[in-house]
Structures are given as structure tokens and as C-alpha cells.
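Participant:
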Amino acid sequence: MNKSNRKLGIIAGGGTIPAMLVRHCLEQGRDFFVLAIEGNADKTFFCGDIPHQWIRIGQAGTGFKRFAEEKVQDVVMIGTIRRPSFFDLVPDLRTTAFFAKIGTKALGDDGILRALVKEIEAEGMAVKGVHEVMNDLLVKQGVMGKHKPDKQAKEDIRRGIEVATELGKLDVGQAVVVQQGLVLGVEGIEGTDELIRRCGGYRRKGDGGVLVKLRKPQQDMRIDLPTIGTRTVERAKEAGLRGIVVHAGNGLVVDEADVIKLADKYGLFVMGVNPGDEI
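Under the working numbering, the residues of the sequence shown are numbered 1172 to 1450, in order.
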């Protein structure tokens, strides 16, 4: 990994990747500053000596100003964002102007994020994907552990890729759960963990289902890539799934060694695939 002397601004949501990115910067000696999103980022981590400021989702203008003061040059947006409360959404003046400008382009998660990228770049900062800073996070192609999909699982994967691709075109979600050729559920605003939990209640007798998670066809590689970690494996086991499939080279795996170890323990397969792959 190449060390960069460009100061990094991190817009941190929930999950473990924001903390991993901070540790990476510390190890590499890279200067950084964090905007931690209230109600999402880890309060136990973003404290003390870590250079940071807490902001609400509606305080984009406040965040831009602080990044400018900190002389941030590159920006990474990473981490999960829960559905905000009314208070979270009360905007500062800059954010109000932002939404007035993008108007109907704000329909769908990707529409908002793409517009936000343009706004950040208009401030003279370059938006980067977390994989451009920590390139070992990208999902590799093929089976990751010792378990492989059988004939039925491969059919479910093919069906899952087909559905997830169409779902992504509509900017609805990234993930789908398929069992024995039947779509048990598709991801909406609730996120992947809740999708898996919900589908556990719809499980049919026989071979368990498969989670397929793909990058949306029109999705910017720098923002909101499909991500899995050990929690995904735990949820899949609880829901009776047999395997997890993620977009190779277009998705992130957090703590890959731990993910593989846990999947092997539970008898689940984990794979990186591309929509055009022979399954």
C-alpha cells in the first residue's frame, strides 16, 4: 500500500470499516480528519486523540467548512447510515441549498450520494473509494473457504444474480435471498442484516437459501459498495442460509480471514462472482 501525503477526510458512518481506515492512516503515517455521523459512528472509538468532529446528517455545510479548515484534500465516505430521525434531518443553510439544487435527483440512495460527491468535488476535494486507500478489502473472485455450492445452490446463485441486477438498476437495493429458485426477499431501506433476518422466517424445508449481494450497475465505485463481514455470516447461519455471494472486485469483505474461518465452522460457502461468470 502506497503512503500518501494528501490529507484524508473520513465521513464515518456505522460498522467497523471507519475504525479500520483510521488505524490504517495511523499505521501509514497519513494525516486525516474524521466527520463522525451522530447516531451511526462508534462513539467508543471516535473520541480522545483521534482528530474528529461529530455532526448530524443534516449538517453537510458544517462538515464542508471543517474539512476546508483542516485542509483536507481527499475524502472517503464509509460506513452504514441508519434511517435518520426528524432532528437528524434538520438542515443547516448549506444543506438546504444542496437539496434545493438537486431536487428530484435525490430519489434513491445513489442519486443523493452521486450529488453529494459532486458537491464535495466542487469544494476542491477528491472523493476516493475506501478500496483505493485500503485495496485489500475488495472481494476476490471464486470460493473463499473450504465449502462450495452444489447444483441447487448454483441455480439459486444464478437466479439471485438475475434479480439483484434488476433490483440495482432501479436503485432499490443490492441484495436478494433465493432458496430453491424462489426469491424469499429483496433488500430495501432496511439493509442486508434485516433482509436476512426476515427471510429466515420464510425459509422452506430442504436445502437452505443463498444471499447474493451485487454492486448496482450504475453505482459509483467510490460510494456504498456491497459489504460483508462476520456479522453477515452470523446472520446467514441464524436464518438457515447455505452461502453468501458477493460481487467480485466490486464489493468489500471486512476481516476476510475471520469471515472465512467462521463460514468454514458453520458449513457455509462464501464466493466472489461477477454477473457474467459461469456459475
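The C-beta atom is built at its ideal place from N, Cα and C for all residues, glycine as well.
#1: In the structure shown, what three-state DSSP assignment does His1418 receive?
#2: Rounded to whole angstroms, what is the Cα-Cα separation between Leu1179 and Lys1376?
#3: Three-state secondary structure (DSSP) at Glu1318?
#4: Would you call the segment 1223-1230 and the segment 1316-1334 in contact, with 3 or more CB pairs under 8 angstroms?
#5: Based on Cα-Cα distance, which residue from Val1343, Ile1182, Lys1214 lies nearest to Gly1232?
#6: For the segment 1356-1367 and the segment 1313-1322, state whether three or more C-beta atom pairs, one from each stretch, are separated by less than 8 angstroms.
#7: Residue ranges of each beta strand (DSSP E) run of no fewer than 3 residues wholly in the segment 1197-1237, ordered along the chain?
#8: Does the segment 1406-1422 come within contact of the segment 1435-1445, defined as at least 3 CB pairs closer than 8 angstroms?
#9: Indicate the three-state DSSP secondary structure (helix, strand or coil) for Leu1338 in the structure shown.
#10: Lys1356: buried (16+ other C-beta within 10 angstroms of its C-beta) or exposed?
#11: Who are the near neighbours of Thr1275 in its chain, counting only those whose CB is closer than 7 angstroms to its CB and skipping five residues on each side?
#12: For the ligand PLP, I want to know if Val1444 counts as a neighbour, meaning its beta carbon is within less than 6 angstroms of at least one of the ligand's heavy atoms.
#13: Quick one: what does DSSP say Val1349 is sitting in, helix, strand or coil?
#14: Given Lys1340, which residues of its chain have a CB within under 8 angstroms of its CB, disregarding the five upstream and five downstream residues?
#15: Where DSSP assigns a beta bridge to Thr1398, which residues make up the other side?
#16: Inspect the beta-carbon positions of Ala1324 and Val1288 and report whether they are closer than 7 angstroms.
#17: Check for me: the beta strand (DSSP E) holding Asp1245 runs from which residue to which?
#18: Could you check which residue in Lys1432, Pro1397, Leu1412, Arg1402 has the C-alpha nearest to that of Gly1443?
#19: Across which residues does DSSP place Gly1185 in a beta bridge pair?
#20: For the alpha helix (DSSP H) containing Gly1371, name the first residue and the last one.
#21: If you count every other CB in all the chains shown that lies within 10 Å of the CB of Cys1218, and 16 or more means buried, which is it?
Facilitator: Considering the structure as presented:
#1: One-based indexing of the sequence shown puts residue 1418 at position 247. In this structure, His1418 counts as strand in the three-state DSSP scheme.
#2: Stepping through the sequence shown from its first residue, residue 1179 is reached at position 8. Stepping through the sequence shown from its first residue, residue 1376 is reached at position 205. Rounded to the nearest angstrom, the two C-alpha atoms are 50 angstroms apart.
#3: Numbered from its first residue, the sequence shown carries residue 1318 at position 147. It is His, not Glu, that sits at residue 1318 in the sequence shown. His1318 falls in the coil class under three-state DSSP.
#4: no
#5: By one-based count along the sequence shown, residue 1232 stands at place 61. Out of Val1343, Ile1182, Lys1214, Ile1182 has the C-alpha closest to the C-alpha of Gly1232.
#6: no
#7: 1203-1208, 1223-1226
#8: yes
#9: Residue mapping note: residue 1338 aligns to position 167 of the sequence shown, counting from 1. The answer is helix: DSSP assigns Leu1338 an H, G or I state.
#10: Here the question's residue 1356 lines up with position 185 in the sequence shown. Note that residue 1356 is Gly in the sequence shown, not Lys. Label assigned to Gly1356: buried.
#11: In the sequence shown, the residue the question calls residue 1275 occupies position 104. Residue confidence is low: Thr1275 scores 44 on pLDDT, short of 50, so the model does not pin down where it sits. Its coordinate-derived value is still stated next. Closer than 7 angstroms at the Cβ level, and outside the excluded window around Thr1275, lies no residue.
#12: With respect to the ligand PLP, the structure offers nothing, as it holds no ligand at all.
#13: Residue mapping note: residue 1349 aligns to position 178 of the sequence shown, counting from 1. Strand, per DSSP.
#14: Here residue 1340 refers to the residue found at position 169 of the sequence shown. Taken in chain order, the residues that qualify are Lys1387, Pro1388, Gln1389.
#15: Taking the first residue of the sequence shown as 1, we reach residue 1398 at position 227. Answer is Leu1423.
#16: For this step, residue 1324 is matched to residue 153 along the sequence shown. For this step, residue 1288 is matched to residue 117 along the sequence shown. No, the pair does not count as a contact, with Cβ atoms beyond the cut-off.
#17: Reading the sequence shown from its first residue, position 74 is the one you call residue 1245. Segment 1245-1249, the beta strand (DSSP E) holding Asp1245.
#18: Taking the sequence shown and counting its residues from 1, one reaches residue 1443 at position 272. Comparing Cα-Cα distances from Gly1443 to each of Lys1432, Pro1397, Leu1412, Arg1402, the minimum goes to Pro1397.
#19: If you number the sequence shown from 1, residue 1185 lands on position 14. DSSP lists Thr1251 as partners of Gly1185.
#20: Within the sequence shown, the letter at position 200 stands for residue 1371. Residues 1363-1371.
#21: Numbered from 1 along the sequence shown, position 47 holds the residue referred to as residue 1218. Exposed, since its Cβ has fewer than 16 Cβ neighbours within 10 Å.
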